[in-house]
Each structure stands twice: as structure tokens, then as C-alpha cells.
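In what follows, a single structure is set out as C-alpha cells and then discussed.
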Amino acid sequence: MTKSRLEAFTDGVVAIVLTVLVLDIKIPDPSGFHSLWVIRNTLLAYAISFIFVAVIWVNHHRIFQMAERINYRVVWSNIFWLFWLTLCPSVTSWVGRNPEAFWPEMAYVLVYTMWSFSFGILMRQIMKANKPDSHVVRVLSKDHRSFISMFINLCLIVGIFFVPMIGLFGRFFVSGIWIFSYREL
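Start counting at 1 in the sequence shown, then tack on 25, and there's your number in the numbering used here.
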């Protein structure tokens, strides 16, 4: 499989996921600020999830620009990453309707944690598929954000036991870590 084919497939899945994310937002009736206030948690969950998906998609794109080669381990790692991505709209919807409940917050953080973890696996497989002195390997070997993200995610999982809403807000913080993507291009 070519790199461009995998990127096109990934772009299609990401576009569908972002579309499904927004479909959960029901237009309030009647019109007015009060109606928006009623769906504020859904809008907040959507915004945080949209930002995280967009940020990681940009990073994915930049890494694939740097990569000279891919192999079937990269392809299957990418599919594993997409699997967790496709669960994001469901848990986003659930946490948006129940932002202070334990299980929706836990599911939200667990799915996004597994998505982050699978991104780390994908990055390692890209490094293995490319030459040790390649640009992508040099850039990725200096990047420690996956470890930092996993540490924060584990702290969020523990924190949810005490303050459930920390999960949703913590994901926003994790997005901030990734917003400054691989600039070495």
C-alpha cells in the first residue's frame, strides 16, 4: 500500500468522525441564549473533542509528510489508531449529556487515552519502517509528548474518581500539548 493511499483513507475516516461529532448537537428550540445554555455541555464536549481530533490529524499529516516509507505494520497501526478514533463521537456524546457522571467521563478519558496510546504505537512503527538517520526518525526520537500525554491521561483516570468533570477539561489540556506540532518540516 502506498503512503498516499493510507493518508487518503485516514483523511476520509477523520472527516467522517468530525461529521458524526457534530451530528449529536441538536438544534435548540426555541431560539435564544437560554436554549444554547441548555446544550452548553454538549457544545463544550464537541469543541474539546473537535480540537483534539484536529490537532492530532495535523500531527499525523506532518509525520506522514516526513516519512519516506511505510510498511504493513504502519498500515495496521494506523488502522488500530482509527479504531479508537471512531469511538470518539460516542463517548463525546455521552459525556456531553452527562458531564458530571463517573462512567461517561471514565469512558471518554479511556477512549481518548487508548487513541493517544495507539498514536504512540503508530509513531514507533513509522520510526522502525524508516532509516535510523532519516528526518522522521530524528524528529520523532526527540519528541516526548506521547509519554507526557500518557502520564496526564493516567492522572485524569485517577482524578475522575474524585472529580468526574476533570476528564473532559483534562483532555483540553492534553490538546494543548499537541497543538505545537512537528515544526521541523
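Note that CB positions come from ideal geometry on N, CA and C, so glycine has one too. Treat the numbers as computed from the prediction; the structure is a model and nothing was measured.
Status (buried if at least 16 other CB within 10 Å, exposed otherwise) for residue i
i	result
Ser-29	exposed
His-59	exposed
Ser-200	buried
His-85	buried
Ser-174	buried
Leu-165	buried
Phe-89	buried
Pairwise C-alpha distance: residue j and residue i
i	j	result
Ala-126	Leu-43	24 Å
Gly-121	Ile-41	19 Å
His-123	Val-45	A quick correction: the sequence has Asn, not His, at residue 123. The alpha-carbon atoms of Asn-123 and Val-45 are separated by roughly 19 Å.
Leu-210	Lys-167	No answer about Leu-210 holds up, because its pLDDT of 44 lies below 50 and its placement is not dependable.
Ile-202	Trp-109	20 Å
Leu-112	Trp-82	16 Å
Phe-176	Gly-195	12 Å
Thr-138	Val-78	13 Å
Assumed close pair residue i, residue j - CB separation to whole angstroms, cut-off 8 Å
i	j	result
Ala-154	Arg-98	7 Å
Inset, instruction - Examine the Cβ distances between the region 67-81 and the region 101-117 and report whether three or more of them are shorter than 8 Å. - result: yes
Legend entry - the region 142-153 / the region 180-199 touching (three or more Cβ pairs under 8 Å): no
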